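Peer 1:
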């Protein structure tokens, strides 16, 4: 951890050309690939990620309300775009990192975690409570609490997720706000759709 923190913030005293940047990126990916092969590939933790990647979409499809599948999927897409975007920023800015990766070429680094532990559970909460804001408000708050302090802590204990400058407590309101924002956007779109269907 101290070695990582010693590298922050990144400061350069001179400008870097595109050629130099590409050279550094090539070295980074070569190093990352070597690390992945030596410490991730075919380990028990790697198989956990593979299983999570395969099983979570199937479990979702079994339990999703097929009559509302388009609406629920739209909510999940909104949530997923924001969550994966933020995860990419946090990972690349070295605010947190994932010591175990499904592949060295996948960004964000923990895509299976984003989908299986965050996005799909929020979709299920939307399915059950999304029609009434108060229920959705408290349900997403509880889910955000569980993900931030149970799921993230568990991932830390198994060395599959590591906070560098981040704290679990920061995640809680962010998950909650993303859920409420996506609910608001979807309701707005449905209102616009109903208005235009009357024309």
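Residue numbers (the working numbering): 208 to 406.
Quick reminder that beta carbons are idealized off the backbone N, C-alpha and C, glycines included.
Keep in mind it's a predicted model, so treat the numbers as computed, not measured.
1) For residue 270, does the count of other Cβ atoms within 10 angstroms reach 16, so buried, or fall short, so exposed?
2) Is residue 362 helix, strand or coil when you go by DSSP?
3) Taking only the alpha-carbon atoms, compute the straight-line gap between residue 222 and residue 398 and give it to the nearest angstrom.
4) Hey, could you find the ends of the alpha helix (DSSP H) residue 348 is sitting in?
5) Buried or exposed for residue 361, going by 16 or more other Cβ atoms inside 10 Å?
6) When you compare each of 335, 377, 336 to residue 354 by their alpha carbons, which one comes out closest?
7) Alpha carbons only, please: which of 292, 251, 311, 319 is nearest the one belonging to residue 259?
8) Taking the Cβ atom as the reference point for each residue, do residue 347 and residue 332 lie within a distance shorter than 8 Å?
9) Are the segment 381-391 and the segment 358-373 touching by the rule of at least three beta carbon pairs closer than 8 Å?
10) Using the Cβ count rule (16 or more neighbours within 10 Å means buried), how would you classify residue 334?
11) If you run the structure through DSSP and keep just helix, strand and coil, what is residue 336?
12) I'd like the list of long-range same chain contacts for residue 283, defined as Cβ closer than 6 Å, with 5 residues on each side in sequence excluded.
Peer 2: Once the coordinates are examined:
1) For this step, residue 270 is matched to residue 63 along the chain shown. Exposed: under 16 other Cβ atoms inside 10 Å.
2) The residue labelled residue 362 in the question sits at position 155 within the chain shown. Three-state result, residue 362: helix.
3) Start at 1 with the first residue of the chain shown, and residue 222 comes out as number 15. Start at 1 with the first residue of the chain shown, and residue 398 comes out as number 191. Using only the alpha carbons, I get a separation of about 51 Å.
4) As a working note, residue 348 is residue 141 in the chain shown. Residue 348 -> alpha helix (DSSP H) spans 340-353.
5) Taking the first residue of the chain shown as position 1, residue 361 is located at position 154. Classification for residue 361: exposed.
6) Here residue 354 refers to the residue found at position 147 of the chain shown. Residue 377 is the option with its Cα nearest to residue 354.
7) Stepping through the chain shown from its first residue, residue 259 is reached at position 52. Comparing alpha carbon positions, the residue from 292, 251, 311, 319 closest to residue 259 is 319.
8) Reading the chain shown from its first residue, position 140 is the one you call residue 347. Reading the chain shown from its first residue, position 125 is the one you call residue 332. It is a contact, given that the beta carbons lie within the stated cut-off.
9) no
10) As a working note, residue 334 is residue 127 in the chain shown. The residue in question, residue 334, is buried, as its Cβ has 16 or more Cβ neighbours within 10 Å.
11) Reading the chain shown from its first residue, position 129 is the one you call residue 336. In this structure, residue 336 counts as helix in the three-state DSSP scheme.
12) Indexing the chain shown from 1 puts residue 283 at position 76. Apart from the 5 residues on each side of it in sequence, residue 283 sits with its Cβ closer than 6 Å to the Cβ of 326, 330 in its chain, given in chain order.
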